[in-house]
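Down below is the structure, laid out as C-alpha cells.
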Amino acid sequence: MSNKLSTLSNLNQRIIVGVLGAAVFIGGIWFSEWTYFLLFLGLTLLGISEFYTLVGVQGMRPNRPLGLILGAVFYTSMFLVQKRMAASELLYLSLPLPFVVIIAEMYRKKPQPFTNIAFTILGALYIAGPFGMLHLLGYFGEEYSWQPILGLMLLIWASDTGAYIFGKNFGKHKLFERISPGKTWEGWAGGALLTILVGYGLSYLFPDLEAYQWIGIAVIVGVVGVLGDLSESLLKRSLGVKDSGTLLPGHGGLLDRFDSLLMVIPFVVAFLQIF
Numbered sequence: 067m068s069n070k071l072s073t074l075s076n077l078n079q080r081i082i083v084g085v086l087g088a089a090v091f092i093g094g095i096w097f098s099e100w101t102y103f104l105l106f107l108g109l110t111l112l113g114i115s116e117f118y119t120l121v122g123v124q125g126m127r128p129n130r131p132l133g134l135i136l137g138a139v140f141y142t143s144m145f146l147v148q149k150r151m152a153a154s155e156l157l158y159l160s161l162p163l164p165f166v167v168i169i170a171e172m173y174r175k176k177p178q179p180f181t182n183i184a185f186t187i188l189g190a191l192y193i194a195g196p197f198g199m200l201h202l203l204g205y206f207g208e209e210y211s212w213q214p215i216l217g218l219m220l221l222i223w224a225s226d227t228g229a230y231i232f233g234k235n236f237g238k239h240k241l242f243e244r245i246s247p248g249k250t251w252e253g254w255a256g257g258a259l260l261t262i263l264v265g266y267g268l269s270y271l272f273p274d275l276e277a278y279q280w281i282g283i284a285v286i287v288g289v290v291g292v293l294g295d296l297s298e299s300l301l302k303r304s305l306g307v308k309d310s311g312t313l314l315p316g317h318g319g320l321l322d323r324f325d326s327l328l329m330v331i332p333f334v335v336a337f338l339q340i341f
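According to this note's numbering, the sequence shown is numbered sequentially starting from 67.
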C-alpha cells in the first residue's frame, strides 16, 4: 500500500491518507469505548516512539522501553479509573516511573545521561499526558460518550481546513515567520472562524454538551490549536528536520498531524471541568 502511495502526487497522497485516517478515527471513537481506547493507545505508543526517533537526530538517546512503559501505564490507568474499573489509587503507579528512568540511566552508559533522562520523561508526558486526559472528555458524564471526543476532532479538522483555504487564497501577513513561514494571520482567522461555526453546528448534532460548551471548545481550538502547531514546528526547526516522521504519506509523521490536538486537550479539559 505504501509503495503505491509513493507513486502518487503529494496532494493525492494527502487526500487518500486523510480519508482513510478519518474513517478509522470516526469508526474507532464511535464504535465502542474499547476501540477508542485501543486506537489512542496505539497513537500514544507510536507518538512517543516517533518523538524519541526525532530527538535522536541530535544525538540524544532517550530510554525508549521505559518511556513507552511510562506512557502506557499513565494512559491505561487514566482509562481504567475513568471507566470505574479501578480505584483512583492506580494512578500512583505512574509516580515512581520517572525516577526509575533516572536509576536506569546509571546503567546505560550513554553520553549526556541527564539529557537522555529529560527527553525520556518529556516524550512520555508530551504524548501520553494529553491522550490520558482525553478520557476525561470521553467520560465527562456517567458513561462513555463518543460525542465530546469526535466533536473535538472535527473542530481540529475544521481549524486546519479553514486555515489552509484562507491562507492559500488570502494569506499575506506572516503569523510567526521565524518558526513557521507558511502560516499567516489571514489563515489563522479563517480557521478560527470556521471552527466556531462548526462548534455552533455541533451544539445541535451532539447534545451531550451544551451550546456554550461547544462554542467555548471551538474558541480554544481556534486559539490554542495553532500554538500546538507552532510548538511542534519549533521543535523540528531546533532539530533541523522537516517532518517528525514518514508514517503518514503526504502528511509526515504522527506528531505533524496531532500537534494541535496534544496542545488543545488540557485546555479543553480544564474549561469543561471549571464550566
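Here a beta-carbon is modelled for each residue, glycine too, at the ideal position from N, C-alpha and C. All values reported here derive from a predicted model rather than from experimental measurement.
- Assignment of beta-bridge partners to Thr250 by DSSP yields Lys240.
- Within its own chain, the residues whose Cβ lies closer than 7 angstroms to the Cβ of Gly198, once the five positions on either side in sequence are excluded, are Phe140, Tyr141, Met144, listed in chain order.
- The segment 235 to 254 makes no contact with the segment 128 to 137, as fewer than three CB pairs between them are under 8 angstroms.
- Excluding its 5 nearest sequence neighbours in each direction, Ala190 has C-beta neighbours in its own chain below 7 angstroms: Ile114, Gly133, Leu136, Gly137, listed in chain order.
- DSSP places Ser211 outside both helix and strand once states are collapsed to three, so it counts as coil.
- Below 8 angstroms, too few C-beta pairs join the segment 98 to 105 and the segment 177 to 186 to call them touching: fewer than three.
- For Ile193, the enclosing alpha helix (DSSP H) starts and ends at 179 to 204.
- Taking the Cα of Asp274 as reference, the smallest distance to any Cα among Gly87, Glu209, Thr110, Leu157 is reached at Glu209.
- Going by C-alpha positions, Leu271 is about 11 angstroms away from Leu216.
- Shown here, Gly84 sits in a helix according to DSSP, grouped into three states.
- Ranked by Cα distance from Gly204, the options Val335, Val167, Ile340 are led by Val335.
- Of the other Cβ atoms in all chains shown, 16 or more fall within 10 Å of the Cβ of Arg323; this residue is therefore buried.
- Taking C-beta atoms under 8 angstroms as the contact rule, Leu188 and Val307 fail to qualify, at a distance of about 17 angstroms.
- In the three-state scheme derived from DSSP, where H, G and I count as helix and E and B as strand, Val307 is classed as coil.
- Secondary structure note for Ser115: its alpha helix (DSSP H) is the uninterrupted segment 99 to 121.
- Nearest to Thr186 by alpha-carbon distance, out of Val123, Phe117, Ala277, Pro247, is Phe117.
- Note that the C-beta distance between Leu112 and Leu320 is below 8 angstroms.
- In the structure shown, the three-state DSSP call for Ala152 is coil.
- Ile95 and Ser154 have their alpha carbons spaced roughly 24 angstroms apart.
- Spanning the alpha carbons of Leu268 and Trp212 requires a straight line of approximately 13 angstroms.
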